[in-house]
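Read the structure below first, then the notes.
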Amino acid sequence: MEKKIGVYICTDCEIGSALDIDQLRKVAKKMKVPVVKENSLLCMKEGIEFIKNDIDQEGVNAVIIAACSPRVNYDTFNLDVPLIERVNLREGVIWSHPPDDEDTQMMAEDYVRMGILKMQKMEAPEPHKIEDIVRSILVVGGGIAGITAANEAAMAGYDVSLVERDELLGGWLAKLHKQAPTKPPYTDLEEPLIKGLIKEVQQNSRIKIYTSSKIEKIEGAPGLYDVTVRTNGTTESFKSGAIVLGAGVVPYDATKITHLGFGQYPNVITNYMVEELASKGQIMRPSDGKPAKSVAFIQCAGQRDEEHLPYCSATCCVESLKHAKYIRNQDPSVKVYIFYKDMRTPGHYEHFYKAIQNDPGVFLTKGDVKGITEEEDKNLVVEVENSLIGEDIQVGVDLVVLAIGAVPVTALGEEKLPPGVNPGDAFIPYVMIETDTLNLDYRQGGELPALSKGYPDSNFICFPYETRRTGIYAAGPVRSPMDMPSAMEDATGAALKAIQCIELASRGEAVHPRAGDTSSADFFMQKCTQCKRCTEECPFGAINEDEKSNPLYSVTRCRRCAVCLGACPERIISFKNYSVDMIGTMVKKIEIPDEDEEKPRVIVFACENDAYPAIDLAGLHRLNYTPFVRVIPLRCVGSVNLAWIADALSKGIDGILLLGCQHGEDYQCHMATGSHLAEIRLSKVAETLDRLKLESGRVQMTQTSIADYYKIPQILDDFLEKLDGFGPNPYKGF
Ligand code: SF4
Ligand code: SF4
Numbered sequence: 001m002e003k004k005i006g007v008y009i010c011t012d013c014e015i016g017s018a019l020d021i022d023q024l025r026k027v028a029k030k031m032k033v034p035v036v037k038e039n040s041l042l043c044m045k046e047g048i049e050f051i052k053n054d055i056d057q058e059g060v061n062a063v064i065i066a067a068c069s070p071r072v073n074y075d076t077f078n079l080d081v082p083l084i085e086r087v088n089l090r091e092g093v094i095w096s097h098p099p100d101d102e103d104t105q106m107m108a109e110d111y112v113r114m115g116i117l118k119m120q121k122m123e124a125p126e127p128h129k130i131e132d133i134v135r136s137i138l139v140v141g142g143g144i145a146g147i148t149a150a151n152e153a154a155m156a157g158y159d160v161s162l163v164e165r166d167e168l169l170g171g172w173l174a175k176l177h178k179q180a181p182t183k184p185p186y187t188d189l190e191e192p193l194i195k196g197l198i199k200e201v202q203q204n205s206r207i208k209i210y211t212s213s214k215i216e217k218i219e220g221a222p223g224l225y226d227v228t229v230r231t232n233g234t235t236e237s238f239k240s241g242a243i244v245l246g247a248g249v250v251p252y253d254a255t256k257i258t259h260l261g262f263g264q265y266p267n268v269i270t271n272y273m274v275e276e277l278a279s280k281g282q283i284m285r286p287s288d289g290k291p292a293k294s295v296a297f298i299q300c301a302g303q304r305d306e307e308h309l310p311y312c313s314a315t316c317c318v319e320s321l322k323h324a325k326y327i328r329n330q331d332p333s334v335k336v337y338i339f340y341k342d343m344r345t346p347g348h349y350e351h352f353y354k355a356i357q358n359d360p361g362v363f364l365t366k367g368d369v370k371g372i373t374e375e376e377d378k379n380l381v382v383e384v385e386n387s388l389i390g391e392d393i394q395v396g397v398d399l400v401v402l403a404i405g406a407v408p409v410t411a412l413g414e415e416k417l418p419p420g421v422n423p424g425d426a427f428i429p430y431v432m433i434e435t436d437t438l439n440l441d442y443r444q445g446g447e448l449p450a451l452s453k454g455y456p457d458s459n460f461i462c463f464p465y466e467t468r469r470t471g472i473y474a475a476g477p478v479r480s481p482m483d484m485p486s487a488m489e490d491a492t493g494a495a496l497k498a499i500q501c502i503e504l505a506s507r508g509e510a511v512h513p514r515a516g517d518t519s520s521a522d523f524f525m526q527k528c529t530q531c532k533r534c535t536e537e538c539p540f541g542a543i544n545e546d547e548k549s550n551p552l553y554s555v556t557r558c559r560r561c562a563v564c565l566g567a568c569p570e571r572i573i574s575f576k577n578y579s580v581d582m583i584g585t586m587v588k589k590i591e592i593p594d595e596d597e598e599k600p601r602v603i604v605f606a607c608e609n610d611a612y613p614a615i616d617l618a619g620l621h622r623l624n625y626t627p628f629v630r631v632i633p634l635r636c637v638g639s640v641n642l643a644w645i646a647d648a649l650s651k652g653i654d655g656i657l658l659l660g661c662q663h664g665e666d667y668q669c670h671m672a673t674g675s676h677l678a679e680i681r682l683s684k685v686a687e688t689l690d691r692l693k694l695e696s697g698r699v700q701m702t703q704t705s706i707a708d709y710y711k712i713p714q715i716l717d718d719f720l721e722k723l724d725g726f727g728p729n730p731y732k733g734f
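The sequence shown: position 74 = 74 (our numbering), numbered continuously.
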């Protein structure tokens, strides 16, 4: 496409009074931009018409809006042209720097230069539309989350294949005698909702149910998965567009909590066993079949304990209150004791908790259960320390119930490190746990990457159902501890995400966080050395390999994070609108004042997901920060190619700051491992800089979030101060 670039400079929002607009026009003209205009109402109807007129009459097809931040007026400037670029003069320059000032003006001119250069280097992406897209969803797991996801997807008009390992649908909830209150006054037990939901899926003609079945293999990619299911020795294959994983949890193995006596004393049972006993009638002692006359519940039996389950399972407190009510309803003479670390009954469950507290037959106290001993008649003595009554107590009971926690199905298997990662490596981004659940045909492993607790990695704040495999959405307790209403809400969200993925893939668009992006990675394969860096470092398993180790890219698995672009030592991976060359040339276009002017120059490579918005917010709040920085937004700091750093430093840039999202176990990186990879790669740059006799501190990475916007001026000042200690870059002027 032959580009005709038009630069449109807005003079409203104080831009016209704070900057020398004539000078900005000259900058653009000097770069041979054919159409350069200013307008005082660019985001208004008249301004848009003004640009549209040039599109229609002058043939402008590459529009640069030099005005407000690209994060605002997105729809307003979404003009019908192949290429649009925004230059942030408002939040990024004049709202964060003094008006009518030489340094502010230099900053604006650099941004205009970089914007034009970016446009000159960019090509319009061509979306890879999937013509034969499969508009059906595979739901793995027939418990509350799976059933809800299947129902919701079917109601939205999508066919569903629901695969359950057990003979019956419903999972653990189908075994419940009653469910905890979900309706006002939130004090009464209810009939389990799951029974009605099972009927709904069974009667829905859009839902095909496979019970006693397991997934044997999933090949392909979002929009076009090939699924093989094995049922009682026979296999069946079908296609699916996206996947919801609602495989649920299993109870923790109570025999591992040795001091609580399960498996050793017959009258120590688990909360899961109470449901079965209650469904059969009265709750009896296993040792002699006699009705229990006193029952102790021990909360957090293994949960919130680093030796067992380090997390709260989210349901056991309410379940024990429910069990207390079973017992008291059956026989009001039975005494119930509940020993807890903390009673966790959020939301409306608090009413239920109060109702049980008001029952004189239920004694609740905080305390640490140190152990259980058995007496000759098989009665039990519970020893409690640090109780609320201020002394250690011993309570004799007929029956003890351990409120054990739940383990996600995704945690049940042998842990393996990802390809290319060795034990003891500084960077272990996730583990693969072979659970025989999805059996994906992915180079990076057959299941979903998991963090330390075995959950399939959906813990980052912005995208609750996301996993590290595009098109596969985890829902319900398999992704995080949660109760039934939360699991249903979760499953609805995951079903919608699966639908969204199918529809975006059909249009050749990325899913979030770059939803709507139609670009895709191009590999210049003639120069590929088969080093495997891209396949190993892609956070989303988007690149398989052929038998000769050539990368095999999948466009619908790809999230367009460009982490592969940062990984490739040969620099042969690029996007039409994002490449090593494009950013590298922008870096080179920054004007470097002479050393004696004492105006340092610092490049801030800012992640577009958190860091760039934080800098923008600093501008919006009119926080002033140093005018010596030039901010370049990136898809992820994991996309930083070391060539950019080398280019910048050899041109005389004094320092480079990477602003990325938090990484590590509680990561907030929108591209999962990108931020952490950037840090690892930077540690290698440091060695190179030391060899070049350039201080390694000139390149630094800092983690930030949108909420930290008010810290931006200080972060930048601190870095400038550090650079001041090094003095000017000796390569300045070369
Ligand atoms: S852009 Fe990101 S998701 Fe796509 S192949 Fe590269 S590293 Fe993987
Ligand atoms: S990182 Fe680059 S050179 Fe290495 S396998 Fe991937 S494309 Fe080829």
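Glycine included, each C-beta is placed from N, C-alpha and C at the ideal position. On a predicted model such as this, the values are computed, not experimentally measured, just so you know.
Rounded C-alpha distance that separates residue i from residue j
i, j, result
"G222", "T187", "Going by the sequence as given, residue 222 is Pro instead of Gly. Their backbone Cα atoms lie some 44 Å apart in a straight line."
"Q203", "P192", "19 Å"
"L440", "A156", "26 Å"
"S313", "Y265", "25 Å"
"A614", "I706", "4 Å"
"V72", "I592", "30 Å"
"H512", "I499", "13 Å"
"G541", "M671", "12 Å"
"V140", "K3", "48 Å"
"M749", "V587", "Residue coverage of the chain in this structure runs from 1 to 734, which leaves residue 749 outside it and unanswerable."
"V478", "T410", "7 Å"
"V381", "S333", "20 Å"
"K199", "G405", "29 Å"
"K453", "V112", "48 Å"
"E738", "T470", "Residue 738 is absent from the model: the chain starts at 1 and stops at 734."
"P82", "V631", "25 Å"
"S696", "V580", "22 Å"
"H128", "L634", "23 Å"
"K722", "G508", "45 Å"
"L309", "Q303", "5 Å"
Rounded distance between the beta-carbons of residue j and residue i, thought under 8 Å
i, j, result
"C564", "C538", "5 Å"
"K341", "C300", "5 Å"
"A747", "L245", "The structure shown does not extend to residue 747, since the chain is modelled only from 1 to 734, so the question has no answer here."
CB contact check: residue i to chain D, cutoff 7 Å
i, result
"I55", "Judged by its chain identifiers, the structure shown contains no chain D, having just a single protein chain."
Close beta carbons around residue i, own chain, < 7 Å, minus the five adjacent residues each side
i, result
"R533", "A567, C568, P569"
"F238", "S161, V227"
"P286", "P266, N267, I269"
"Q105", "L19, D20, Q23"
"Y353", "L321, M343, T345"
"D359", "R328"
"G371", "H259, E383"
Sequence-distant residues of the same chain with beta carbon closer than 8 Å to residue i, five excluded per side
i, result
"I645", "I656, V685, V699"
"L496", "E152, A156"
"V274", "I283, H323, Y326, V401"
Check: residue i C-beta below 6 Å from any heavy atom of ligand 1
i, result
"I543", "yes"
"C501", "no"
"F540", "yes"
"C558", "yes"
"V409", "no"
"A521", "yes"
"C564", "yes"
"C561", "yes"
Cutoff 6 Å; reference residue i; Cβ partners in own chain excluding five residues on either side
i, result
"I573", "A521, F523, C564, L565"
"S279", "H177"
"F50", "N39"
"Q330", "Q282"
"E164", "G142, T211"
- Could you name the residues, in chain order, whose CB is less than 5 Å away from a heavy atom belonging to ligand 2? Those residues are C528, T529, C531, R533, C534, P551, C568, E570, given in chain order.
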